[in-house]
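Structure first, commentary second.
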Amino acid sequence: MSENIKTVQNDFDFIDINSIQAEKITAPRYSYWASVFRVFFKKKINILLILLFVLLIACSFIIPAIIPYNSYENVTDAKTYNLTPGAAMEYFGGGFNLKWILGTGGQGNSIFAGIWASARTSLLLAVICAAINMTVGIVVGAIWGYSKRLDQILLMLYNTIANVPYILLISVLVYIIGSGFWSFVFALTVTGWLSIAYFFRTQVMIIRDREYSLASRCLGTPINRMISKNMLPFLTSVIVTFLATELPSYISMEVFLSYIGIGLSAEVPSLGKMIQEAQGVFMNYWWEFWPPVIIAAAITIILYVLGQNLADATDPRTHM
Amino acid sequence: MKKYLGKRILLSILSLIIVVGTVMLLVFTVINRNVIFQMDDTWNKKSNNDRIYYEYTMYSKYGYLDFTDYSNFLKNKYEPLYGSEYTKNADYKADKAAIQDENTYLENASVQEFIAQNEEKGFKATYVAPARAKSGKVKTGGNAYLLAVHEKSVFTRLWDYFTHLITLETTRDVTDPALTERYIRLEKDPYSGFYALVGSGTTHKYLLYVDGRFPFIHQNFLHLNIGTSYTRYRGQEITDVIHRPVGDQVKLKSQYPAKLGTDEYTETAIDFHSLTYNYNPRTASEEKQFPDQYTNYSYNYGGLSMIENSFVMGLIATLIAYLLGLPLGILMSRYKDGLFDKLGNAYIIFIMAVPPLAYIFLFASAGTSLLHLPYKFANAQVKITAYVLPIISMALPSIGGLMKWMRRYMIDQMNSDYVKFARAEGLSEREIYRKHISPNAMIYLVHGIPANILGCLVGAIVTERVYSVPGVGNLLTTALAGHDNGIIVACTLFYTTLSLISVILGDLLLAKKDPRISLTTSKGGGR
């Protein structure tokens, strides 16, 4: 019996206590972004939506390059006006023809080429405006939330501007500075960042006064580390949620402004203008009206749903 | 509380002035001012110098500048000397003709006097040289003009605008020396059979009266003058534009004021309550119809006014939205993750993501093809059916928004301690939802109610445009397209005032609904 114990004892080696190893926490490896994408792709609808979105982007950048859009190309030939898809393909040489697959508009323009050229404008507009507004908004909002001296001044500015209806502000601005692509971007961004900044000011203020922030400040954490480690992770899901509503809203705004007649100028193809041109005849010439509407709706719905789902995935509480 | 409210109102007025001032500054300095003539027929018909003169009269009418005319100066100079026959005087004729020669006009004594007199007042003399053809002959409308112009600064405009915003009628309004009697008194009103306040010396004859039209009691004491339309409703006051019924004139059997008491009745659309003072002497026919100088009138129109159209539709849509949206939101939270919740969420995503224009057209085409409802407002056989589709188009998006927020707030409240406590007490789920969660979730939504109701006064831009509703929704947008600066400024004032009022009312309502919220103290949660 005692011999047995001895042999067992001989099978083992004593090892020294490793103080470095003892400090390690044996939790499962956690990577924030890996978890975000794991949760995001677990929903199969997101993969489908991403594929659709990539297809939309590809179409709106490749098709205008292959089939250039010129709304006046057939303006001298009245016979080409308002042709149904079938009649248009018949008129332009017969047989299958991608350019005329959606018929012609009120000036003999190709609807198919038109919607993709317009979709490109809309996407560019949305991305540029969102990039400017979100960047300026978040940076100013962060400083605004942190600096108490700036708070008074910016609050006055915000209270004055926020009381003005947004539609009024945008439309008067577009009226005053003209309606080119870049003046449109200017109108949408000149005050657009303010509401975003105000929102992030409140968010930053909330985190600024949380106990863990207070603790790290007491421990002497430098401000850039406070921002990158204490605040940004908390703000990521809020930023994405915001982006999810911001991006489609610029597309809707362009459609709306062009519809009421103060949108982009005549040279820039846009979905709003196509809808505006066809809305008077939408009962008779359905092929002129519904394609731009469907494309606009498709872009906004895809962006919105993808954004919402990404925002859900960026919330660490969904990772467990 | 009163002090707080006073401060809020004062700040709101300040921000209103800043906003209107900024818009005025931009609209009147950045925009080229002659765009207002783009669609002006009178301007198109005039040529050369007549056109320039017409432009000056219009600029002066719309407050860009003040100007006096040389011929006016001559009239004032010679009329006292030679009476009403002054135009036949040789000196007058010589002075008048002097400006037609661009080389020698400055040598004329009257011209020099005119220039000196006006430059003293700060007016700048502007000479419009005669437009001559190559032969030296003056072209049509090419006669020379001599003007003294004073450009108004935007600050003067702003000051004028706000000081003339509200005017009160007094018995000293009519400056006609021929008027001897000045009074305001209660008289029996022969048109309503009731009593009315009648004035003499005031601009309007009837100051307070009763008639059969909503809101039944009308006043002419206070006038809100938010501006004059430039291009779209040529020179009409904007308050009149949005207030006058848009239907046809309605003829009634009535009597002219001078014929009262006789049995002479006339079939007329004249609204005799609208009589205003006329400075011109009465014509022979007017002598027979009117006993006094109050001979200007407007007409009776049928139907609703622009603002009434928008308000009635908006209000019904808002009511429907609250009556349906809130219960649906509650139901969605009650059966969270169930089929009903999923359907509701799909609807919310649809409303949030699709451009409003797209779904309004979808409703329009579905309503016209499936329900056979009229599409364009003007084409409706039965007027009431024309309201159905616009109201649906306005209500459905609001329902989506309310559902979304009600569901969100209900779910947020569902895990609160007071709900767990109520459940522990053994209350039924129905009671917990009705008496505990819903009132607490409503707190967040109460703030938007004034904005939604007052927002109806602004109208719905897209809906009204799609269905061609004669409402106020497109006042601003058509003004922007037609360069109607008067309406743009008026709309800025109107929209901003409404939005300021609704924020204050929303805050008050919120504080009333939730006693925990205090508006006055900055302590406790105030960031």
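So the sequences go chain by chain: A and W.
Each number in our numbering comes from the position in the first sequence (counting from 1) with 85 added on.
Each number in our numbering comes from the position in the second sequence (counting from 1) with 13 added on.
By construction, the Cβ of each residue, glycine as well, lies at the ideal position given by its N, Cα and C atoms.
Quick caveat, the model's predicted, so the values are computed rather than measured.
{"Check": "Answer yes if the stretch 122-139 of chain A comes into contact with the stretch 395-405 of chain A, meaning at least three C-beta pairs across the two stretches below 8 Å, and no otherwise.", "Outcome": "yes"}
{"Check": "Quick check on this structure: which residue in Ile230/W, Ile65/W, Pro483/W has the alpha carbon closest to the alpha carbon of Leu159/W?", "Outcome": "Ile65/W"}
{"Check": "Would you kindly check if the distance between the Cβ of Tyr290/W and the Cβ of Tyr307/W is under 8 Å?", "Outcome": "yes"}
{"Check": "Note the first and the last residue of the continuous alpha helix (DSSP H) segment covering Asp397/A.", "Outcome": "371-399"}
{"Check": "Check whether the Cβ atoms of Thr81/W and Val167/W sit closer than 8 Å, and answer yes or no.", "Outcome": "no"}
{"Check": "Contact criterion: CB-CB distance below 8 Å. Does Pro333/A meet it with respect to chain W?", "Outcome": "yes"}
{"Check": "Any contact of the stretch 320-337 of chain W with the stretch 291-310 of chain W, i.e. 3+ C-beta pairs under 8 Å?", "Outcome": "no"}
{"Check": "So for Thr296/W, helix, strand or coil by DSSP?", "Outcome": "coil"}
{"Check": "Thinking just about the alpha-carbon of each residue, which of Trp201/A, Glu158/A, Leu136/A is nearest to the one in Ile379/A?", "Outcome": "Trp201/A"}
{"Check": "Here's the rule I'm using: 16 or more other beta-carbon atoms within 10 Å means buried, otherwise exposed. How should Arg478/W be labelled?", "Outcome": "buried"}
{"Check": "Give every residue of the same chain whose Cβ lies closer than 6 Å to the Cβ of Ala211/A, excluding the five residues on either side of it in the sequence, and list them in chain order.", "Outcome": "Leu332, Tyr335, Ile336"}
{"Check": "Under 8 Å: do the stretch 449-464 of chain W and the stretch 498-516 of chain W share three or more Cβ pairs, one atom per stretch?", "Outcome": "yes"}
{"Check": "For Val270/A and Arg245/W, I'd like the C-alpha separation in whole angstroms.", "Outcome": "29 Å"}
{"Check": "For Leu253/A, which residues in chain W fall below 8 Å Cβ to Cβ?", "Outcome": "Leu489, Cys504, Thr505, Tyr508, Thr509"}
{"Check": "Short check: CB of Gly226/A to CB of Phe285/A, under 8 Å?", "Outcome": "yes"}
{"Check": "Cutting at 6 Å between CB atoms, please list the residues of its own chain near Leu23/W, excluding the five before and the five after it.", "Outcome": "none"}
{"Check": "Within the continuous beta strand (DSSP E) that includes Asn309/W, where are the two ends?", "Outcome": "307-312"}
{"Check": "If we cut at 8 Å on Cβ distances, does Gly537/W have a partner in chain A?", "Outcome": "A caution first: Gly537/W carries a pLDDT of 39, below 50, which makes its placement in the model unreliable, though a value can still be read off. So, not an interface residue."}
{"Check": "With a CB to CB cut of under 8 Å and the five nearest residues on each side skipped, what residues in its chain are close to Gly315/W?", "Outcome": "Pro258, Gly260, Asp261, Gln262, Val263"}
{"Check": "Roughly how many whole angstroms lie between the Cα atoms of Arg540/W and Arg293/A?", "Outcome": "Any reading at Arg540/W must be qualified, since the residue scores a pLDDT of 37, below 50, and its modelled position is unreliable; no value is offered."}
{"Check": "Taking 8 Å as the cut-off, decide whether the C-beta atoms of Trp229/A and Ala282/A are in contact.", "Outcome": "yes"}
{"Check": "So the candidates are Glu133/W, Asp63/W, Val482/W; which of them puts its Cα closest to the Cα of Asn392/W?", "Outcome": "Val482/W"}
{"Check": "Within 10 angstroms of the Cβ of Asn47/W, are there 16 or more other Cβ atoms? Answer buried if so, exposed if not.", "Outcome": "exposed"}
{"Check": "Can you check whether the CB of Val502/W is closer than 8 Å to the CB of Gly240/W?", "Outcome": "yes"}
{"Check": "May I ask which residues mark the beginning and end of the alpha helix (DSSP H) holding Asp520/W?", "Outcome": "498-526"}
{"Check": "With burial defined as no fewer than 16 other Cβ atoms inside 10 Å of the residue's Cβ, what is the status of Trp172/W: buried or exposed?", "Outcome": "exposed"}
{"Check": "Using DSSP with H/G/I as helix, E/B as strand and the rest coil, what is Ile347/A?", "Outcome": "coil"}
{"Check": "Under 8 Å, Cβ to Cβ, is there at least one residue of chain A near Val48/W?", "Outcome": "no"}
{"Check": "Can you give the Cα-Cα distance for Leu339/W and Leu386/W, rounded to whole angstroms?", "Outcome": "28 Å"}
{"Check": "Who are the neighbours of Thr245/A on chain W, taking C-beta pairs under 7 Å?", "Outcome": "Ser28, Ile31, Val32"}
{"Check": "Cβ of Asn233/W within 8 Å of Cβ of His256/W?", "Outcome": "no"}
{"Check": "If the cut is a Cβ gap below 7 Å, which residues of chain A does Val367/W touch?", "Outcome": "Ala382, Thr385, Ile386"}
{"Check": "Following the continuous alpha helix (DSSP H) through Glu98/W, name the residue where it begins and the one where it ends.", "Outcome": "Per DSSP, Glu98/W belongs to no alpha helix (DSSP H) and is neither H nor E."}
{"Check": "Roughly how many angstroms lie between the CA atoms of Asn95/A and Thr403/A, to the nearest whole one?", "Outcome": "50 Å"}
{"Check": "Is it the case that the Cβ atoms of Tyr446/W and Ile343/W are separated by a distance below 8 Å?", "Outcome": "yes"}
{"Check": "Counting C-beta neighbours from all protein chains within 10 Å, is the total for Cys303/A 16 or more, i.e. buried, or is it exposed?", "Outcome": "exposed"}
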